[in-house]
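Single-structure report; data block below.
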Ligand SMILES: Nc1ncnc2c1ncn2[C@@H]1O[C@H](COP(=O)(O)OP(=O)(O)OP(=O)(O)O)[C@@H](O)[C@H]1O
Ligand SMILES: [Mg+2]
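Numbering (UniProt numbering), first residue to last: 1 to 493.
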């Protein structure tokens with residue numbers, strides 16, 4: 001049993017028989033009992049031991065019961081005092097109760113009556129202890145809560161990232177000092193403030209509105225890039241849930257990514273510059289090799305022709321890579337798509353399929369194309385060639401064991417839908433969101449030997465986006481992949 005659950009009763013009586021009798025009876029009921037033959041000893045024990053109840057005889061040598069009662073009521077107000085009295089001294093006992101005694105019991109004791117009084121006092125002690133315990137816990141919880149709140153406030157205030165909390169009325173109810181710097185504000189924000197007075201970016205305002213209506217789960221968030229007067233920021237927004245699990249607002253953390261953006265730009269500029277510088281001499285080398293191969297620089301032996309042909313292949317691969325790098329740089333600069341004209345996609349896809357047919361055959365792949373008459377789209381035909389070339393090449397490349405590649409195109413309302421379906425190696429679900437990133441290639445034993453730079457799909461996505469279209473991919477590992485592109489049909493003027 002826990003020390004604080006033990007009820008310890010002090011029997012202060014000069015009659016040894018009473019002390020022993022009480023001890024026997026109370027021990028048998030599970031109480032801990034101490035004895036004192038006079039008032040002084042009783043006070044000593046009260047001082048040292050954790051006494052729960054005091055049974056107190058009034059007439060004792062050295063120090064009488066009334067004195068002990070006085071000290072106990074003053075010093076140990078939680079200890080109920082039960083006065084032991086003879087018949088003749090009941091009046092005194094009543095007087096003692098007025099001075100703070102809890103109850104009295106007359107000698108000789110009737111066991112049942114005696115135990116009833118003791119049990120009542122013990123219950124009182126237990127209840128008081130419980131109440132005290134609860135109060136302590138309550139105080140502790142309040143203290144912890146306050147501490148947590150002030151800690152959280154300090155963290156939020158000293159964060160380099162900006163924090164904004166909005167409520168259901170789209171008002172800012174909490175923001176930190178970093179917000180002022182990131183949003184270029186000079187005046188202190190007074191909360192609550194309509195969110196659109198603080199945030200100029202419409203897309204972010206829409207996100208905050210959508211969060212209130214959407215069913216985002218606990219750990220879902222929305223990430224977007226926004227631009228302010230001075231900085232590029234990444235805004236990550238998530239719902240704030242109330243006690244009934246309903247959305248009561250949104251919290252947005254803003255991170256300054258200007259330095260990364262600058263670095264990315266520098267890297268793109270660098271790649272662009274290097275690619276340009278490499279392309280010119282390579283084109284010259286390629287042309288000179290062609291001249292040699294055509295025999296214009298004198299006759300070539302079999303071995304010489306073979307070696308120069310091999311060299312030309314390598315140069316072509318290098319030129320393809322350089323062209324891809326330049327394409328990516330142009331897409332990023334928004335300069336890739338230039339010549340929008342009414343385009344018949346059927347013709348372009350047909351030509352691309354015909355171009356890639358020999359490669360497919362060589363790999364034991366059955367390449368088919370089926371298509372109805374398509375409405376024209378407004379596009380740059382060169383870009384269109386590029387995207388179908390990339391998608392169909394991928395379908396062939398990533399089907400190392402042969403199989404089928406089916407290309408289909410159809411009118412789908414305001415869009416043309418093109419699907420490139422293969423029965424190749426497939427892509428794992430966790431890889432799917434990454435394959436459109438620049439230079440990303442899936443690392444797996446099956447694709448290890450397939451050459452590529454990971455730029456194709458990022459170019460495809462860039463082109464599709466520039467044409468206001470969309471691209472989706474579905475894939476099952478080991479079974480195959482389907483890319484679906486939607487491109488808007490040309491508006492009739
Ligand atoms: N049809 C497909 N089946 C399976 N995996 C594919 C398919 N298409 C693309 N992938 C995966 O996506 C990755 C990225 O494709 P992407 O076309 O961008 O680059 P790449 O083919 O590796 O190189 P390149 O720039 O020469 O096209 C590939 O490396 C491959 O892992
Ligand atoms: Mg590719």
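Heads up, the beta-carbon is just placed ideally off N, CA and C, and yes, glycines get one too.
Compare the C-alpha of residue i against each of the options and name the closest.
| i | options | result |
| --- | --- | --- |
| residue 429 | 422, 442, 419 | 442 |
| residue 83 | 62, 109, 419 | 109 |
| residue 232 | 257, 300, 242, 208 | 257 |
| residue 421 | 445, 175, 473 | 473 |
| residue 548 | 179, 151, 165, 355 | Limits of the chain in this structure are 1 at one end and 493 at the other, which puts residue 548 out of reach. |
| residue 251 | 259, 240, 245, 416 | 240 |
| residue 234 | 253, 196, 246, 187 | 253 |
| residue 404 | 387, 357, 418 | 357 |
| residue 445 | 141, 271, 483, 400 | 400 |
| residue 396 | 452, 416, 281, 380 | 452 |
| residue 417 | 106, 196, 177, 483 | 483 |
| residue 73 | 89, 97, 90, 91 | 97 |
| residue 166 | 394, 11, 249 | 249 |
| residue 502 | 264, 379, 407 | Residue 502 is absent from the structure shown; the chain starts at 1 and stops at 493. |
| residue 177 | 159, 216, 11 | 159 |
| residue 10 | 352, 30, 49 | 49 |
| residue 246 | 212, 195, 236 | 212 |
| residue 269 | 329, 7, 313 | 329 |
| residue 438 | 311, 423, 271, 302 | 271 |
| residue 29 | 46, 238, 8 | 8 |
| residue 419 | 487, 311, 143 | 487 |
| residue 267 | 326, 295, 197, 224 | 326 |
From the DSSP output, in three-state form, read off residue i for me.
| i | result |
| --- | --- |
| residue 339 | coil |
| residue 479 | coil |
| residue 425 | coil |
| residue 453 | coil |
| residue 186 | coil |
| residue 363 | coil |
| residue 393 | helix |
| residue 488 | strand |
| residue 436 | coil |
| residue 254 | strand |
| residue 417 | strand |
| residue 372 | coil |
| residue 351 | helix |
Where do the ends of the beta strand (DSSP E) carrying residue i lie?
| i | result |
| --- | --- |
| residue 444 | Element bounds for residue 444: n/a, residue is neither H nor E. |
| residue 220 | Careful: residue 220 lies outside any beta strand (DSSP E) and carries neither H nor E. |
| residue 411 | 403 to 412 |
| residue 6 | Neither: residue 6 is in no beta strand (DSSP E) and is coded neither H nor E. |
| residue 175 | 171 to 175 |
| residue 167 | 162 to 167 |
| residue 377 | 377 to 379 |
Can you name the start and end residues of the alpha helix (DSSP H) that residue i belongs to?
| i | result |
| --- | --- |
| residue 211 | 202 to 213 |
| residue 457 | 456 to 466 |
| residue 239 | Here residue 239 belongs to no alpha helix (DSSP H); instead the beta strand (DSSP E) covers 232 to 241. |
| residue 268 | 258 to 293 |
| residue 331 | 302 to 332 |
| residue 195 | 195 to 198 |
Do residue i and residue j have their C-beta atoms closer together than 9 Å?
| i | j | result |
| --- | --- | --- |
| residue 163 | residue 192 | no |
| residue 34 | residue 118 | no |
| residue 53 | residue 121 | yes |
| residue 411 | residue 350 | no |
| residue 374 | residue 485 | no |
| residue 489 | residue 377 | yes |
| residue 126 | residue 32 | no |
| residue 381 | residue 348 | yes |
| residue 457 | residue 409 | no |
| residue 79 | residue 43 | no |
| residue 229 | residue 184 | yes |
| residue 318 | residue 278 | yes |
| residue 93 | residue 104 | yes |
| residue 383 | residue 467 | yes |
| residue 99 | residue 66 | yes |
* Asked: Can you list the alpha helix (DSSP H) stretches of 4 or more residues lying completely in the UniProt domain "Response regulatory" (8 to 122), in chain order?
  -> 16 to 28, 39 to 48, 65 to 75, 90 to 98
* Asked: What runs of the beta strand (DSSP E), each 3 residues or longer, lie entirely inside the region 129 to 163?
  -> none
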